[in-house]
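Comments concern the structure below.
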Amino acid sequence: MSIDLKTIKHISKLSRISVNEKKAEKLAGDLNSIFEFIEKLNELKTDNVQPLTSVAETTLKLRSDEVKSKNLREQIIKNSPQENEDYFVVPKVIE
Amino acid sequence: MSDITKQSLSELIKNIKDKKLSSTEVTKAFVERSEKSKELNAYITEDFSAAIDKAKRFDEKPNLDLKLPGIPMAVKDLFCTKNIKTTAGSKILNNFIPTYESTVTQNIWNEGAILLGKLNCDEFAMGSSNETSFFGNVQNPIDKDLVPGGSSGGSSSAVAAQLTPITIGTDTGGSIRQPASFTGTVGLKPTYGSCSRYGIVAFASSLDQAGPMAQNVKDCALLQEVISSYDEKDSTSIDFKRNNYSKELTNNIKGKKIGIPKEYRVDGMPKEIEDLWKKGIDYVKDCGAEIIDISLPHTNYALPTYYIVAPAEASSNLARYDGVKYGFRADGENLIDMYEKTRSEGFGAEVQRRIMIGTYVLSSGYYDAYYLKAQKVRKLIKNDFDEAYKKVDAILTPSTPSSAFKIGEKTNDPVSMYLNDIFTVPVNLAGLPGISIPAGHDAKGYPLGLQIIGKAFDEQNLLNIAYAMEEKINFKNKITDWWIK
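So the sequences go chain by chain: B and C. The first sequence maps to residues 53 to 147 in the working numbering. The second sequence maps to residues 20 to 504 in the working numbering.
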């Protein structure tokens with residue numbers, strides 16, 4: 053299997069990371085060598101193996117549905133890159 | 020009292036409790052040494068004057084019943100600290116000031132410790148040499164231009180160089196144990212679920228664990244007892260009986276069964292690592308424990324599994340960095356353009372590479388072939404350990420396949436960099452505790468570590484074995500202070 057530039061462009065779009073031609077070529081090279089190494093897993097037959105989704109073999113605990121943190125608006129907004137008293141500001145999305 | 024910074028954590032605590040030293044004296048000593056050690060680049064953010072103020076306040080009304088009374092401590096910059104910048108080694112969080120505290124650091128401050136500053140690390144803990152940090156590489160105090168390991172490279176460098184008496188790191192695939200091994204220090208990755216992940220910048224949530232990095236096993240046990248707690252703010256935190264690890268520490272390991280997994284004899288492993296392992300086996304026997312040969316047949320599949328699972332989880336976790344709610348934002352022509360430029364300029368090359376791998380293995384048409392396959396192999400790897408633990412109490416392996424390498428030596432070859440974690444990654448995949456202790460030197464005089472892997476929640480036994488071996492090994496770190504002019 054080989055990851056071509058078209059695939060890199062597709063993944064970059066899904067990842068929301070812009071890549072130029074030069075970066076795409078470098079990434080294709082890196083990803084191909086990494087996937088070559090990953091392909092080793094195909095040596096194993098796993099048809100009857102249950103996937104492991106969590107090493108912690110506990111069921112999630114239930115808790116009462118209570119509000120524990122209040123009035124966090126200021127704290128939540130505090131680190132936003134573009135300030136506006138009450139909102140997160142983003143580039144215009146509607147013309 | 021001279022040479023305060025040369026004292027171990029346990030000695031410092033005793034001297035403060037006996038009123039032979041004040042917190043101010045101790046804190047000032049570590050601040051002064053840290054200030055003389057800028058060339059190591061161990062810190063990202065220093066909080067020295069606040070630390071001295073806090074120490075003075077502690078001395079005015081000292082509470083000597085605490086476990087870490089007035090002890091200064093620097094921590095990895097992956098732990099959110101309230102009102103102190105937390106970067107995760109990334110440009111994208113270069114201006115992020117948390118409004119809350121991680122549970123692990125809160126546990127530490129509750130026992131009387133004082134924050135010295137935030138330590139350098141690989142960007143989002145993705146790396147094995149601290150070279151992926153936006154804030155530059157860290158020097159290993161063992162030798163100039165030598166990597167301190169990663170991702171907790173600032174932490175390992177700072178403990179080895181005695182800029183902090185002890186510290187904490189995080190370990191997703193070896194990020195505590197490998198840097199400990201590279202710097203001649205002790206590093207413990209606890210059982211998954213032992214230390215809360217709340218307030219730790221997430222990398223791969225099913226693998227991440229915080230743990231102590233120390234100069235010796237006793238100090239390590241004490242900090243583990245402080246940081247390990249059940250926390251309802253982390254849904255994977257586990258409510259189990261936690262010991263007073265340092266109080267219950269014993270070097271009596273007579274009759275314990277220690278497994279030696281044959282699959283860890285990898286091709287091309289340097290002879291000095293093989294010899295170290297043999298020496299380790301002799302030390303264990305000297306302590307009266309029994310050696311048993313075991314097999315962990317899927318060991319060779321651990322790294323490929325890890326390089327699917329960890330990037331997949333990372334690509335999902337790091338989706339939150341979009342330039343909207345916090346962190347760095349690049350200007351864009353529209354919303355999508357802003358996202359793409361923010362992430363392209365804000366993340367470094369290794370992080371982008373891993374996000375891309377993760378996105379690919381989770382994308383439509385590839386999920387079954389990669390991610391599901393990896394989860395199945397992860398099950399086989401865990402089964403290997405479950406089988407082995409029917410016969411043994413713990414497992415002994417080398418920590419790393421080599422000693423520390425030079426800065427720049429592996430940066431152009433991601434796969435060769437990943438191979439560094441070959442002995443540590445299986446432990447994370449199975450959720451087990453593992454500890455690296457310094458056990459010898461290679462021909463260049465660089466430290467080498469041995470890893471002990473325990474049963475889940477059996478940190479006490481693991482620490483006891485490490486404690487007993489430490490006494491036999493009697494390791495001395497060779498540090499010349501070359502960076503102090």
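Don't be surprised by glycine CBs; every beta carbon is placed ideally from N, CA and C.
Separation of residue 160 (chain C) and residue 132 (chain C) (C-alpha to C-alpha, rounded to the nearest whole angstrom) is 25 Å. Bounds of any alpha helix (DSSP H) do not take in residue 317 (chain C), whose DSSP letter is neither H nor E. Pairing residue 478 (chain C) with residue 230 (chain C), the inter-Cα distance amounts to about 11 Å. Counting only the Cα atoms, residue 369 (chain C) lies some 11 Å from residue 431 (chain C). Here residue 346 (chain C) really is in contact with residue 112 (chain C); their C-beta atoms are around 5 Å apart, less than 8 Å. Contact note: residue 449 (chain C) reaches chain B through 107, using a C-beta cutoff of 7 Å and chain order. Among the residues of chain B, those whose CB is under 8 Å from the CB of residue 115 (chain C) are 131, following chain order. In terms of beta-carbon proximity, residue 68 (chain B) lines the interface with chain C, with at least one pair separated by less than 8 Å.
8 Å or more divides the Cβ of residue 100 (chain C) from the Cβ of residue 475 (chain C). Residue 98 (chain C) is bridged by DSSP to C:219. Between the stretch 313-324 of chain C and the stretch 397-408 of chain C, the count of C-beta pairs closer than 8 Å reaches three or more; the two stretches touch. Residue 83 (chain B) places its beta carbon 8 Å or farther from that of residue 254 (chain C). In terms of Cα proximity to residue 238 (chain C), the closest of C:196, C:204, C:271 is C:204. Under the Cβ distance rule, residue 213 (chain C) does not count among the residues neighbouring chain B, no pair being separated by less than 8 Å.
Only those residues of the stretch 193-214 of chain C whose C-beta falls short of 8 Å from the nearest C-beta of chain B are listed: 211, 212.
Taking C-beta atoms as the reference points, residue 55 (chain C) and residue 98 (chain B) fail to come closer than 8 Å. For residue 329 (chain C), the closest C-alpha among the options C:463, C:293, C:470, C:380 is that of C:380. Here residue 127 (chain B) is exposed, its C-beta having fewer than 16 other C-beta atoms within 10 Å.
DSSP, reduced to helix, strand and coil, places residue 82 (chain B) within a helical segment of the structure shown.
Contact between the stretch 169-181 of chain C and the stretch 141-151 of chain C is present: 3 or more CB-CB pairs across the two stretches fall below 8 Å. In the assembly as shown, residue 114 (chain B) is an exposed residue. Its beta-carbon has fewer than 16 other beta-carbons within 10 Å. Classified as exposed, residue 139 (chain B) has fewer than 16 neighbouring CB atoms from the shown chains inside 10 Å of its CB.
Annotation: residue 148 (chain C) is outside any beta strand (DSSP E) and is labelled neither H nor E by DSSP. In this structure, the beta-carbon distance from residue 42 (chain C) to residue 77 (chain C) falls below 8 Å.
Spatial neighbours of residue 136 (chain C) in its own chain (CB-CB distance under 6 Å, excluding positions within 5 residues in sequence) are listed in chain order as 62, 64, 65, 66, 93.
Taking all protein chains shown into account, residue 296 (chain C) has 16 or more neighbouring C-beta atoms within 10 Å of its C-beta and is therefore buried.
Sequence-distant Cβ neighbours of residue 213 (chain C) in its own chain, meaning closer than 6 Å and more than five residues away, are 247. Per DSSP, reduced to three states, the secondary structure at residue 389 (chain C) is helical. In the three-state DSSP reduction, residue 497 (chain C) falls in the coil class, being neither helix nor strand.
For residue 359 (chain C), the uninterrupted alpha helix (DSSP H) run begins and ends at 354-365, by DSSP. Residue-level contact check: residue 92 (chain B) touches chain C, since one or more beta carbons of chain C fall below 8 Å from its beta carbon. By the neighbour-count definition (other C-beta atoms within 10 Å, threshold 16), residue 332 (chain C) is a buried residue.
Per DSSP, residue 177 (chain C) is one residue of the alpha helix (DSSP H) stretching across 172-179. At the C-beta level, residue 79 (chain C) and residue 109 (chain C) stay beyond 8 Å of one another. Nearest C-alpha to residue 504 (chain C) among C:59, C:302, C:354: C:59.
Across the stretch 274-285 of chain C, no CB contact with chain B closer than 7 Å is found for any residue.
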